[in-house]
Structures are given as C-alpha cells and as structure tokens.
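Residues are numbered in my numbering as their position in the sequence shown, beginning at 1, plus a constant of 1166.
The C-beta atom is built at its ideal place from N, Cα and C for all residues, glycine as well.
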Amino acid sequence: MNIEEIELFLERQTVKAGQHVRIDFKKRDPIFGLFIKTNDFTDLKSKNFWRIVTATNMAEYQKTKNMNLARIFSGSDFSKLSVKDIVLKS
1167 MNIEEIELFL ERQTVKAGQH VRIDFKKRDP IFGLFIKTND FTDLKSKNFW
1217 RIVTATNMAE YQKTKNMNLA RIFSGSDFSK LSVKDIVLKS
C-alpha cells in the first residue's frame, strides 16, 4: 500500500477499546496491532514506514508507553488494513 492509502485509513477509521487493526501483508501472515504516533511519525511516514505495537505487546505498552515494544513496518508490504474486535483466547 502507498502512503496515501494508509493515511486515508488512519484518518477515516476509529479504533475503539477492544479493537485492533488487522494488517494483512503480501508475503506473510497478518498481524493485529495499533499504529502509534511518536516524535518521528512524520519522518517515518514520508518513507512509508509505520510504527506499530502488536497485540501481543499491547498490555505492556499501555502500562509503560515503552517505544521498544513497537516495531517498524514498511507500508509497501501491506495488502489490506481493517479494524477487528479482539477475541481473547482462554
């Protein structure tokens, strides 16, 4: 996906509590997580890179706001973005 498509998704979609963004990739399994805005957001966005906290690290991130829990992904590897409810496995 290109920068404009991802930006449009982020502007139009509201991720509520109990939801994550499902990020489908062209060549790998999808992940669930949230896009986060940090000091370098504009710089990363200009290069089509996006900082994402995956669902597995979300609880820890919400407690600590530790940026090391986020990963940077290339938007050119994305094939589809959608908002999904979280299904907790027990």
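Who are the Cβ neighbours of glutamate 1226 in its own chain at under 8 angstroms, not counting the five residues just before and after it?
Asn1232, Leu1235
The beta strand (DSSP E) enclosing alanine 1225, as first and last residue numbers:
It is not in any beta strand (DSSP E) - alanine 1225 instead sits in the alpha helix (DSSP H) that spans 1224–1230.
Rounded to whole angstroms, what is the Cα-Cα separation between threonine 1230 and methionine 1167?
31 angstroms
Name the DSSP bridge partner or partners of isoleucine 1197?
Ile1189
Within 8 angstroms, do at least three Cβ pairs link the segment 1235–1250 to the segment 1180–1192?
yes
Beta-bridge partners of threonine 1220, as assigned by DSSP:
Gly1199
In the DSSP output, which residue or residues are listed as bridge partners for arginine 1178?
For arginine 1178, which the question treats as bridged, DSSP gives no partner whatsoever.
What does the Cβ neighbour count give for valine 1267, buried or exposed, with the cut at 16 atoms within 10 Å?
Residue 1267 lies beyond the residue range present for the chain, which begins at 1167 and ends at 1256; the question has no answer from this structure.
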